[in-house]
């Protein structure tokens with residue numbers, strides 16, 4: 019499945035949430051990560067993020083059956099793309 | 019089509035980009051808006067955002083054939099949902 023994670027967390031917890039997200043997904047834009055995950059990986063990612071955040075934080079996971087159903091249009095600067103070799 | 023817009027723009031331009039986004043989509047989380055758009059509406063939204071931002075800003079539009087292909091999992095606070103009556 020293809021997952022887009024968007025987080026809005028307190029500045030105290032941004033580094034931790036980003037660090038967790040990067041272990042599973044590719045950072046593409048400020049507070050946005052993307053990538054292919056198995057259902058088990060997504061469950062682990064969510065469990066780790068849930069432990070790191072507070073109830074006032076907000077995180078959304080957009081879960082798609084595959085990258086193929088998704089079109090991504092961008093404006094402005096492209097910071098990174100999943101699958102890009104750095 | 020179902021559209022998720024995520025923006026990362028300079029603080030000087032946040033209010034303008036949010037104002038444009040809200041005319042087409044529903045705000046769901048800091049810097050994230052969602053909703054159903056026709057291809058023509060998406061084209062207009064992108065044209066308006068393109069005029070409002072600078073090359074250092076970044077905006078991503080995730081474009082899906084329909085809301086039905088998308089699962090949205092959330093953690094923490096749910097701020098708003100498209101279709102919710104306020």
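Protein chains in written order, with this note's numbering: chain A, 19 to 104; chain B, 19 to 104. We put the CB at the ideal spot given by N, CA and C, even for glycine.
Checklist entry - How would you list, in chain order, the residues of chain B whose beta-carbon sits under 8 angstroms from the beta-carbon of residue 34 of chain A? => result Along the first chain, one-based indexing puts residue 34 of chain A at 16. Near residue 34 of chain A there are no residues of chain B at all, since even the closest Cβ is about 14 angstroms away, more than 8 angstroms.
Checklist entry - What does residue 73 of chain A reach in chain B if we use C-beta pairs closer than 7 angstroms? => result Within the first chain, numbered from 1, the residue matching residue 73 of chain A stands at position 55. 94, 95, listed in chain order.
Checklist entry - How is residue 51 of chain A classed by DSSP in three states: helix, strand or coil? => result Residue 51 of chain A sits at position 33 when you count from the first residue of the first chain. The answer is strand: DSSP assigns residue 51 of chain A an E or B state.
Item to check | In chain order, each alpha helix (DSSP H) run of at least 4 residues that lies wholly inside the stretch 37-82 of chain A | outcome: 57-70
Checklist entry - Under the three-state reduction of DSSP, which class applies to residue 21 of chain B: helix, strand or coil? => result Stepping through the second chain from its first residue, residue 21 of chain B is reached at position 3. Residue 21 of chain B falls in the strand class under three-state DSSP.
Next on the checklist: Just to confirm my understanding: we take residue 74 of chain A, look at its own chain, exclude 5 residues before and 5 after, and list those with CB closer than 8 angstroms. What are they?
Outcome noted: For the purposes of this step, residue 74 of chain A is identified with residue 56 of the first chain, where counting begins at 1. So the qualifying residues of the chain are 28.
Checklist entry - Relative to the C-alpha of residue 63 of chain B, which residue among B:83, B:72, B:95, B:37 is closest? => result Taking the second chain and counting its residues from 1, the one referred to as residue 63 of chain B is at position 45. Comparing Cα positions, the closest option is B:37.
Checklist entry - Do residue 23 of chain B and residue 39 of chain B have their C-beta atoms within less than 8 angstroms of each other? => result As a first step, residue 23 of chain B is located in the second chain; it is residue number 5 there, counting from the start. As a first step, residue 39 of chain B is located in the second chain; it is residue number 21 there, counting from the start. Yes, the pair counts as a contact, with Cβ atoms nearer than the cut-off.
Checklist entry - Just checking my contact of residue 55 of chain A with residue 88 of chain B at CB under 8 angstroms: how many whole Å lie between their CB atoms? => result Here residue 55 of chain A refers to the residue found at position 37 of the first chain. Here residue 88 of chain B refers to the residue found at position 70 of the second chain. About 15 angstroms separates the two Cβ atoms, so there is no contact after all.
Item to check | Counted within 10 angstroms of its Cβ, other Cβ atoms place residue 78 of chain A as buried (16 or more) or exposed | outcome: By one-based count along the first chain, residue 78 of chain A stands at place 60. Buried, since its Cβ has 16 or more Cβ neighbours within 10 Å.
Next on the checklist: For a contact defined as C-beta to C-beta under 8 angstroms, what are the partners of residue 29 of chain A on chain B?
Outcome noted: Mapped onto the first chain, residue 29 of chain A falls at position 11. The contacting residues do not exist; residue 29 of chain A stays about 12 angstroms from chain B at best.
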